[in-house]
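Line by line, the protein sequences give chains A and B. Per UniProt numbering, the first sequence starts with residue 1, numbered consecutively. Per UniProt numbering, the second sequence starts with residue 1, numbered consecutively. Yeah, the Cβ is synthetic: ideal placement off N, Cα and C, and Gly gets one too.
2 protein chains.
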Amino acid sequence: MAPTGDDDPLDGLDARLLLLLSDEPRLGVLECSRRLGVARGTVQARMDRMVRRGVLRGFPPELDLAAMGYGLTAFAVLEIAQGQRATVAERLAAIDEVCEVHATTGQGDLFVRMVARSNADLQRVIDTVVAVPAVRRTSTSIALSTPVPPRVRPLLENLANDE
Amino acid sequence: MAPTGDDDPLDGLDARLLLLLSDEPRLGVLECSRRLGVARGTVQARMDRMVRRGVLRGFPPELDLAAMGYGLTAFAVLEIAQGQRATVAERLAAIDEVCEVHATTGQGDLFVRMVARSNADLQRVIDTVVAVPAVRRTSTSIALSTPVPPRVRPLLENLANDE
DNA sequence: CGATTACTGTACAAACTGCTCAACGAGCGG
DNA sequence: CCGCTCGTTGAGCAGTTTGTACAGTAATCG
């Protein structure tokens, strides 16, 4: 068979494998090979390659924060004093309830996602966040629902079909 | 031993197990039991229970979108015409590059995360998003960096230590 | 054409999994 | 105070999977 071009990080088989693993993550290599109709060694080789290329980072446990008691999610846009972004980011990273921080273009310099157990708890978390030095202005909003939960599936399906 | 209270969804052992699995997701049940110093059956029971309670959803593959060619991430805040939020959310869900949508409080009604392969591609994606009917006003910003990548670890560590 | 690369099929030892069983200890209710 | 129930332990067993290796085939590239 033709050597899979290294220019293309993922081919159709890779995508189908990832889709399969997305749906049933506990599947072993052998079972995957059976379902995909390829040899076991091939599946192993593909997975190794994807790990090597950094596409496949691993199989972390997926937790439901709500079921863990952290039922509230909030977003905050922070405006930071000039040149203090890195420092602020570091401070934010030290707050347990801060689950994600992005530096963005536009007026808001930092975008923060955080969780909390209750309204009172959320208040506390927000206070902690805005109390970080060099934070100029903040705008917070609470997530009411999540029509589209984090997903990658459509992208994979594209790859699986196109190639 | 005392029956583990069902009021507390996670106890210290659960948290330590989840931490272990976060660090080395490929670990089998047997290896986990060895590292935690408990019997294999216990680990199995804990995992079953967490799955039953919905805390542990599974072990999906973690993909690096950047390594897959989708190097750009952007956020959009959409203002929606009255009563059209559900409809818009549905439309957004149909766009492959839309990886996450939240309904939020505040002026922005919907919060969207999307990815793209290049600036041109991003332009196309954004155009697609804002072209959705009933979308009044949009404000988009690009993620420049991610000081704190999505994480749950600190929360787990709290549980592991406190209990 | 020869070299390289990828996939297949096979094989074997080592390890793991799912499952069961008996036993122990700690709370709980009567 | 007793008996029950539940979580945990340690053991065992059959079946399956994993890691690894090797040989054969096929397709691309120079």
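Straight-line Cα distance separating residue j from residue i
i      : j      : result
A2/B   : L10/B  : Residue confidence for A2/B is low, a pLDDT of 44 falling below 50, so the modelled location carries little weight and cannot support an answer.
S22/B  : P60/A  : 5 Å
P150/A : A67/B  : 18 Å
G5/A   : M47/A  : Confidence is the limiting factor: at G5/A the pLDDT is only 44, short of 50, which leaves the residue's position unreliable and the question unanswerable from this model.
R16/B  : R40/B  : 15 Å
V77/A  : V38/A  : 48 Å
V152/B : L65/A  : 8 Å
A160/B : V130/B : 44 Å
A81/A  : F111/A : 14 Å
Chain-ordered chain A contacts of residue i [CB-CB under 9 Å]
i             : result
A103/B        : A143, L144, S145, T146 and P147
residue 188/B : Here chain B comprises residues numbered 1 to 163, so residue 188/B is not present and cannot be evaluated.
Contact set between residue i and chain B, taken where Cβ atoms lie within less than 9 Å
i     : result
R57/A : P61, E62, L63, D64 and A67
Closer than 8 Å at the beta carbon, the chain A residues around residue i
i     : result
G33/B : The displayed chain sequence assigns Ser, not Gly, to residue 33/B. Those within 8 Å of S33/B in chain A number zero; the least Cβ separation is about 16 Å.
L18/B : P61 and L63
R53/B : A67
Chain A contact residues for residue i, given Cβ-Cβ distances below 7 Å
i     : result
D96/B : P154, L155 and N158
Below-8 Å beta-carbon distance, residue i vs any chain B residue
i             : result
A131/A        : no
L21/A         : yes
L30/A         : no
L13/A         : no
residue 237/A : Nothing can be reported for residue 237/A: it is not among the residues displayed for chain A, which extend from 1 to 163.
Proximity winner among the options, relative to residue i (alpha-carbon distances)
i      : options                         : result
N119/B : D64/B, Q107/B, G69/B and P147/B : G69/B
G83/B  : D109/B, Q44/B, A76/B and V101/B : D109/B
C99/B  : A74/B, E157/B and A45/B         : A74/B
R35/A  : S141/A, R137/A and L13/A        : L13/A
R52/A  : G54/B, L63/B and D96/B          : L63/B
V135/A : P147/A, A89/A and L122/A        : A89/A
I142/B : R49/B, R85/B and R113/B         : R113/B
Minimum Cβ-Cβ distance from residue i to chain A less than 8 Å
i      : result
A89/B  : yes
E100/B : yes
R49/B  : no
Closer than 7 Å at the beta carbon, the chain B residues around residue i
i      : result
R137/A : Here the premise fails: no neighbours, minimum Cβ distance about 14 Å.
L10/A  : M68
Listed by chain order, chain B residues near residue i by CB distance under 8 Å
i      : result
A93/A  : P147 and V148
R26/A  : G58 and F59
R151/A : C99 and E100
- [ ] List in chain order: all unbroken beta strand (DSSP E) runs of 3+ residues lying wholly within the stretch 107–133 of chain A.
- [x] 110–116
Task: alpha helix (DSSP H) runs wholly inside the stretch 14–61 of chain B, at least 4 long, in chain order - done: 29–36 and 40–53
Task: Minimum length 4: unbroken alpha helix (DSSP H) runs contained in the stretch 138–163 of chain B - done: 153–162
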